[in-house]
Amino acid sequence: MQIKAIWEPPPHGTKFPPLKTFRLTKQLVQQRVKDNVIIVTFGNYAFMDFILSWVKHLTDLGLSNLLVGAMDTKLLEALYWKGIPVFDMGSHMSTADVGWGSPTFHKMGREKVILIDAILPYGVELLMCDTDMVWLKDPLPYLARYPEADVLTSSDQVVPTVVDDSLDLWQQVGAAYNIGIFHWRPTESAKKLAREWKDMLLADDKIWDQNGFNDIVRKQMGPSVDGDSGLVYAFDGNLKLGVLPASIFCSGHTYFVQAMYQQLRLEPYAVHTTFQYAGTEGKRHRLREAMVFYDPPEYYDAPGGFISFKPSIPKSMLLDGEHNLETHFSLINYQIKQVRTALAIASLLKRTLVMPPLWCRLDRLWFAHPGVLVGSMTRQPFLCPLDHVFEDEGTSPHITFSGILLWNPYVVKLNVLCTDLKVNSMLKEQPEEEFGPAINFREYSFLDNPLLPRHVKESRLDVQLCQEGAEGCSASNKTSRPGILRFPKRSNEDMRREEKFRNRMKRYVGIWCCVENHDPGHIYYDMYWDEKSDWKPMPPQSAEDDHPPWKVTLEESEYPIAAPVPFQSTKRSCVLVRRSGM
Numbered sequence: 001m002q003i004k005a006i007w008e009p010p011p012h013g014t015k016f017p018p019l020k021t022f023r024l025t026k027q028l029v030q031q032r033v034k035d036n037v038i039i040v041t042f043g044n045y046a047f048m049d050f051i052l053s054w055v056k057h058l059t060d061l062g063l064s065n066l067l068v069g070a071m072d073t074k075l076l077e078a079l080y081w082k083g084i085p086v087f088d089m090g091s092h093m094s095t096a097d098v099g100w101g102s103p104t105f106h107k108m109g110r111e112k113v114i115l116i117d118a119i120l121p122y123g124v125e126l127l128m129c130d131t132d133m134v135w136l137k138d139p140l141p142y143l144a145r146y147p148e149a150d151v152l153t154s155s156d157q158v159v160p161t162v163v164d165d166s167l168d169l170w171q172q173v174g175a176a177y178n179i180g181i182f183h184w185r186p187t188e189s190a191k192k193l194a195r196e197w198k199d200m201l202l203a204d205d206k207i208w209d210q211n212g213f214n215d216i217v218r219k220q221m222g223p224s225v226d227g228d229s230g231l232v233y234a235f236d237g238n239l240k241l242g243v244l245p246a247s248i249f250c251s252g253h254t255y256f257v258q259a260m261y262q263q264l265r266l267e268p269y270a271v272h273t274t275f276q277y278a279g280t281e282g283k284r285h286r287l288r289e290a291m292v293f294y295d296p297p298e299y300y301d302a303p304g305g306f307i308s309f310k311p312s313i314p315k316s317m318l319l320d321g322e323h324n325l326e327t328h329f330s331l332i333n334y335q336i337k338q339v340r341t342a343l344a345i346a347s348l349l350k351r352t353l354v355m356p357p358l359w360c361r362l363d364r365l366w367f368a369h370p371g372v373l374v375g376s377m378t379r380q381p382f383l384c385p386l387d388h389v390f391e392d393e394g395t396s397p398h399i400t401f402s403g404i405l406l407w408n409p410y411v412v413k414l415n416v417l418c419t420d421l422k423v424n425s426m427l428k429e430q431p432e433e434e435f436g437p438a439i440n441f442r443e444y445s446f447l448d449n450p451l452l453p454r455h456v457k458e459s460r461l462d463v464q465l466c467q468e469g470a471e472g473c474s475a476s477n478k479t480s481r482p483g484i485l486r487f488p489k490r491s492n493e494d495m496r497r498e499e500k501f502r503n504r505m506k507r508y509v510g511i512w513c514c515v516e517n518h519d520p521g522h523i524y525y526d527m528y529w530d531e532k533s534d535w536k537p538m539p540p541q542s543a544e545d546d547h548p549p550w551k552v553t554l555e556e557s558e559y560p561i562a563a564p565v566p567f568q569s570t571k572r573s574c575v576l577v578r579r580s581g582m
C-alpha cells in the first residue's frame, strides 16, 4: 500500500472521512514506521502551531515515520487537510490552551501513558514527544546505539555528568527524569512499566504523570547493566534504563541559559521548552528567539513595518565587579529603561518593535540559589531569555504543581498552587481605554531569521534619535521613498495616551527569583524604577508588601514618553534606530 507523503493535502473535492477512519490501530501505526520506530506527539488545537513546527522539523530531517494524536476534532480536521498523519484520541477536549498544572493538563498526562500502553503491544519502538519541543537532528541513529535499552529518557539535569555524547551517568543524575522526550522499546519490561504507571495515575488523579513516572522507575536503581553502555537496571530490577545526555537532548535551561552544547562543542538533537516562566507564549517566544519555530509568512511582514535599536551597555555594567543582586539589577534596569523608550517610539509610530537581546548576570529559578546553579555551565553574564525579565502578569515564584524537583544540591518541595498565573501580559489583549493601543513586538533574532522576506531585509534604514533644533539634527528627503515621520507634539490627548502607556508598561515586567535565607525570596522588577529615588533590589519584607509595583497607588508626576523628534523613514521600511542619548 502506497502511503501519502506528509504535507500532501487531500485532492480537491475530497470529503472529510468519518471519525472512525482516524482510530489508532496497529495497521495505522505499521503503515508509518521506519526501522520499526514510530515518532508520536499529541495535543489539542491550541497547540496547532507547535505541532506544525514539530512536524516540519522532522520532515526537514528526512523523517516521515510520525503520527500526531488529536485531542479534539478541530485539530484532527486541520491536520488532515494539511496532509499530516493524524489519529483521533477520542478525548473530546476543549480547543483552548491548557494551563500548566490545570486539571486539563493532568488529563493530557494520563492520555500520554494510555497512549504508550496502547502502542507498545503493536510491537514497535515508540519515541514519544511533547509538542513544546523540536527536533534539530535525526535522533534515530543515536537511539539505535543502545539496542539493549528498554527505555531511554530525557531529564531535567542541569549539571553535566559527561562531556561527550554518551548517556548521562545515572549515578550522578539528581534531577527528575523528564517525560517530554523518551524512547520505549516493546519489551516485556517496558510494557510492564507502562501498565503499572497507567494504573497508578488512573487510581489517583492528584498524581502528576511525571512524578508518577519518577517514583515508579526509581523504586529500584542499580546496578549498572554493564561497564560501558551507561544503562542501569531500574523499576523492577529487570528494566534497562538510560538517561539521555542533557547537553544534547536539551532542556530549556541547558539550551537557552547554559548553551551547554555550544560550550562542549556538541550538536544538539532536541530542545524542550522547560525551565521557562511565561506559559505557552513564553515557550513559543523562546523557540522564536532560537529561530526554530515556524511562523506563517505574515508574521515576518507586519503592517506598518518594524523598528529595532542597537542597545548601548557600558562594559562596566556587564563585566566589572561581583555578580550579585546589585550588579544584576543595575544591568537589567539599564536595559529596561532603553526598552521602555523603544516601546514608546514603536507605539507612536505604530510599528512592531524588534526586542534587543537581554543580558543577565544572575539566573532565574523557582527557588533560592546563589546566583547560578552550582556545577552548571552558566556563564556570567549570559544572554537570557525574554521571560527572565518580561513575563507573566501577576506571577508569583510558585509553580503550579505538587511534587519534588530533584536538582542536587537543591531538593525543592513545591506544593503550592499559584492562583494568579496568567498568559503573557505583553501579548495579552488589554482594553485600549485603560492601556492604550497594543504594541506588537518580535524576538531579538527576528532580523537574522532566514524566513524573513527579502523585501523586508532590503528595506532597512538607519536613523538616529535627536532633539529637534539641536546641532546636527535635521530632516532630509534623501531616501528611496520620501516622507518624514515626526513624533506628535504634546497635548492633552497625548498626556492621556501617556497615562495609558504607563499602565501598560508597568505590567510588562515580572520577578527575579530567589534570594537565599529570606521568605519570600523573589524581587519584583519595576519598569519605572528610575522614578523612585529610594528604589533598591529587595524582596518583600512582609506579606502586605508582596505585590507587583503597579498595584501600589502612587502620586506620579507626568513624564514624557518621547520628545518631539523628526526623522526620515518610509511607510514599509524596517528601521534600525541607533541609540543616541536615549
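Under UniProt numbering, the first residue of the sequence shown is numbered 1, with each subsequent residue one higher. Glycine residues also receive a C-beta, built at the ideal position from the N, C-alpha and C atoms. Since the model is a prediction, treat every value here as computed from it, not as a measurement.
CB-CB length for residue i against residue j, believed under 8 Å
i: L58; j: W135; result: 6 Å
i: D526; j: W535; result: 7 Å
i: Y300; j: P453; result: 6 Å
i: P9; j: K82; result: 6 Å
i: P549; j: K506; result: 7 Å
i: L343; j: L353; result: 6 Å
DSSP three-state assignment for residue i, whether helix, strand or coil
i: E433; result: helix
i: T352; result: strand
i: Y233; result: strand
i: M133; result: strand
i: T254; result: helix
i: K15; result: coil
i: M128; result: strand
i: I248; result: coil
i: S480; result: Confidence in S480 is poor, its pLDDT being 45 and thus under 50, which makes the residue's placement too unreliable to answer from.
i: A5; result: coil
i: R364; result: coil
i: residue 584; result: Because the chain here runs from 1 to 582, residue 584 falls outside it and cannot be looked at.
i: V113; result: helix
i: K457; result: helix
i: Q380; result: coil
i: S154; result: strand
i: I439; result: coil
i: F329; result: helix
i: R340; result: helix
i: residue 586; result: Because residue 586 is not part of the residues shown, which for the chain are 1 to 582, the question remains open.
i: F446; result: helix
i: Y122; result: helix
i: K20; result: helix
i: W359; result: strand
i: Y334; result: helix
i: W535; result: coil
i: A144; result: helix
i: D462; result: strand
i: L386; result: helix
i: A270; result: strand
i: G242; result: strand
Which listed residue (the options) has its alpha carbon closest to that of residue i
i: G371; options: R351, M260, E326, L343; result: E326
i: L358; options: N333, T341, D526, D215; result: N333
i: M355; options: A5, P147, I345; result: I345
i: N238; options: S224, L167, S459; result: S224
i: T341; options: R502, N65, L28; result: R502
i: G230; options: S459, Q172, K192, L264; result: Q172
i: D132; options: P139, S347, R185, W54; result: W54
i: V29; options: P18, A46, N65; result: N65
i: Y444; options: E493, D387, L461; result: D387
i: H522; options: G305, Y528, C514; result: C514
i: N36; options: I116, A144, K74; result: A144
i: M221; options: Y233, L79, R361; result: Y233
i: L241; options: D150, L167, R496, D204; result: D150
i: R364; options: L383, K506, L79; result: L383
i: L264; options: K206, G174, V163; result: V163
i: L349; options: L331, K34, P303, W81; result: P303
i: D546; options: G510, R504, T378; result: G510
i: F42; options: R286, K137, R110; result: R110
i: F213; options: A194, R497, A203; result: A194
Open item on the list: Which runs of the alpha helix (DSSP H) at least 4 residues long sit entirely within the segment 162 to 231? Give them in chain order.
Closed with: 188 to 203, 209 to 217
Task: Inter-stretch contact (C-beta, 8 Å, three-pair minimum) for the segment 249 to 262 and the segment 272 to 283 - done: Three or more pairs of CB atoms, one per stretch, sit closer than 8 Å, so the segment 249 to 262 contacts the segment 272 to 283.
Task: Segments assigned beta strand (DSSP E), at least 3 residues, entirely inside the segment 27 to 102 - done: 37 to 43, 66 to 70, 86 to 88
Open item on the list: Between the segment 186 to 206 and the segment 287 to 298, can you find at least three pairs of beta-carbon atoms closer than 8 Å?
Closed with: no
- [ ] Inspect the CB distances between the segment 115 to 127 and the segment 153 to 162 and report whether three or more fall short of 8 Å.
- [x] no
TODO: Determine contact between the segment 176 to 193 and the segment 256 to 264, defined as no fewer than three beta-carbon pairs at a distance below 8 Å.
DONE: no
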